[in-house]
Amino acid sequence: MRITIRDIQQMRDRGERIPMVTAYDYTSAQIADRAGIPLILVGDSLGMVVLGYNSTVPVTLDDMIHHTRAVVRGTQKALVIGDLPFLTYTSPEQAMQSAGRMLQEAGAQAVKLEGGVHIAPTIARLVQAGIPVMGHIGFTPQAVNQIGLRVQGRRAAEAQRLLADALAVQEAGAFAIVLELVPAELAQAITERLRIPTIGIGAGAGCSGQVQVWHDMLGLYSDFLPRHAKRYADLATIIAEALSQYASDVRNGTFPGPEHSSRMDPAELAAALGSQDQATG
Ligand code: KIV
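Offset between the sequence shown (1-based) and the working numbering: plus 997.
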């Protein structure tokens, strides 16, 4: 049985902190699912870490659906959330179409979209139609060209706006809210004022849960580590070592060994080559 948004609410109510990771493909989703991660986000961060763009802006709904389908196939327990990418929810009608595709075609159990007060009516429409929604406020990567990559809510007026955003998203019916790049004190204050869970990234330890980007936490995206990420493994180095070992085994003829090869009866080989020699000779 898959985890539901009700289970997530119960975790929050029991004071259990909620881990969430991103995943973009079948294999990594399977690993996360088997590790007991309850929430898997197919983030539009795939634009940077999988597709090599320099922001999430070029990611399309078709890209998201393609990757979300793979993640859903790789999971049995986790609740899979598909990110709605840039310009796919500019009106409630368009959001309904996009979110509908995410649930019906991709098999996600929920969608995530960015924004606060201004997006609340859209969230309400989706929730009324039976689509679970995760909100996302603070630094919202799809607006990077407008707001820049910086911590949000350091000044009182901006902090007040963020609190109003969080409350509006909650009242619209979202089941959880990502708080990204928000000062720890403010994230904790918002968390204490909400009934639904907050999932932080660069928002301190006072949130109900945390989310990390797969490639950051596992050391796959080796050129850059954001301040809010913790590297739990250095897989890029491990993979690079394995690949150079493989290349050197191929070059010096030690791979493949007999254990990686299949054999045939010498008589069968002789018969095959003999009949071929007769045919060509
Ligand atoms: O796209 C993403 O990975 C995200 C997380 C950082 C929350 O939105």
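Built from N, CA and C at the ideal position, the CB exists for glycine as well.
Here the structure is a predicted model, which means the values were calculated and not measured.
(message) Is the beta carbon of Pro1035 closer than 8 Å to that of Ile1000?
(response) One-based indexing of the sequence shown puts residue 1000 at position 3. One-based indexing of the sequence shown puts residue 1035 at position 38. Cβ atoms of Ile1000 and Pro1035: closer than 8 Å.
(message) So, at 6 Å on beta carbons, what are the nonlocal neighbours of Asp1022 in its own chain, with the 5 sequence-adjacent residues on each side left out?
(response) Here residue 1022 refers to the residue found at position 25 of the sequence shown. Within the same chain, Asp1022 has close Cβ partners Ala1067.
(request) Say yes only if the C-beta of Gly1040 is nearer than 7 Å to one or more non-hydrogen atoms of the ligand KIV, and no if none qualify. (result) Position 43 of the sequence shown, counted from the start, is the residue given in the question as residue 1040. The closest heavy atom of the ligand KIV lies less than 7 Å from the beta carbon of Gly1040.
(message) Can you list, in chain order, the residues of its chain with a C-beta nearer than 6 Å to that of Gly1132? Leave out the 5 residues immediately preceding and following it.
(response) Along the sequence shown, read from residue 1 onward, the residue named residue 1132 stands at position 135. Contacts found: Val1166, Ala1171 and Ile1174.
(request) Note down, one range per segment and in chain order, each beta strand (DSSP E) of at least 3 residues found wholly within the region 1077-1109. (result) Fully enclosed beta strand (DSSP E) runs of 3 or longer: 1107-1109.
(message) Taking contact to mean 3 or more Cβ pairs, one atom from each stretch, closer than 8 Å, check whether the region 1222-1242 and the region 1198-1210 are in contact.
(response) Taking 8 Å as the limit for Cβ pairs, the verdict is that the region 1198-1210 does touch the region 1222-1242.
(request) Using 10 angstroms around the beta-carbon of Ile1144, count the other beta-carbons present and answer buried if the total reaches 16, otherwise exposed. (result) Position 147 of the sequence shown holds residue 1144. So Ile1144 ends up on the exposed side.
(message) Give me, in chain order, the residues of the same chain whose beta-carbon lies closer than 7 Å to that of Thr1057; leave out the 5 immediate sequence neighbours on both sides.
(response) Here residue 1057 refers to the residue found at position 60 when the sequence shown is read from its first residue. Excluding residues within five positions, the ones whose Cβ falls inside 7 Å are Pro1082.
(request) Output the distance between the C-alpha atoms of Ala1103 and Ile1062, rounded to the nearest integer angstrom. (result) The residue you call residue 1103 lines up with position 106 of the sequence shown. The residue you call residue 1062 lines up with position 65 of the sequence shown. Whole-angstrom Cα-Cα distance: 5 Å.
(request) Figure out for me which residue from Gly1012, Gln1101 and His1212 has the closest Cα to the Cα of Gly1049. (result) Stepping through the sequence shown from its first residue, residue 1049 is reached at position 52. For Gly1049, the nearest C-alpha among the options comes from His1212.
(message) Among Ser1095, Ala1121 and Ala1029, whose alpha-carbon lies nearest the alpha-carbon of Gln1209?
(response) Counting from 1 along the sequence shown, the entry for residue 1209 is found at position 212. Residue Ala1029 is the option with its Cα nearest to Gln1209.
(message) Contact between the region 1127-1142 and the region 1155-1169 is defined here as three or more beta-carbon pairs at a separation below 8 Å; is this criterion met?
(response) Under the Cβ criterion (8 Å, minimum of three pairs), the region 1127-1142 counts as touching the region 1155-1169.
(message) Using the three-state DSSP reduction, which class does Ile1062 fall into: helix, strand or coil?
(response) For the purposes of this step, residue 1062 is taken as residue 65 along the sequence shown, with counting starting at 1. In the displayed model, Ile1062 falls within a helix according to three-state DSSP.
(message) Tell me the residue span of the beta strand (DSSP E) that contains Ile1144.
(response) Taking the sequence shown and counting its residues from 1, one reaches residue 1144 at position 147. Segment Val1141 to Ile1144 is the alpha helix (DSSP H) holding Ile1144; no beta strand (DSSP E) there.
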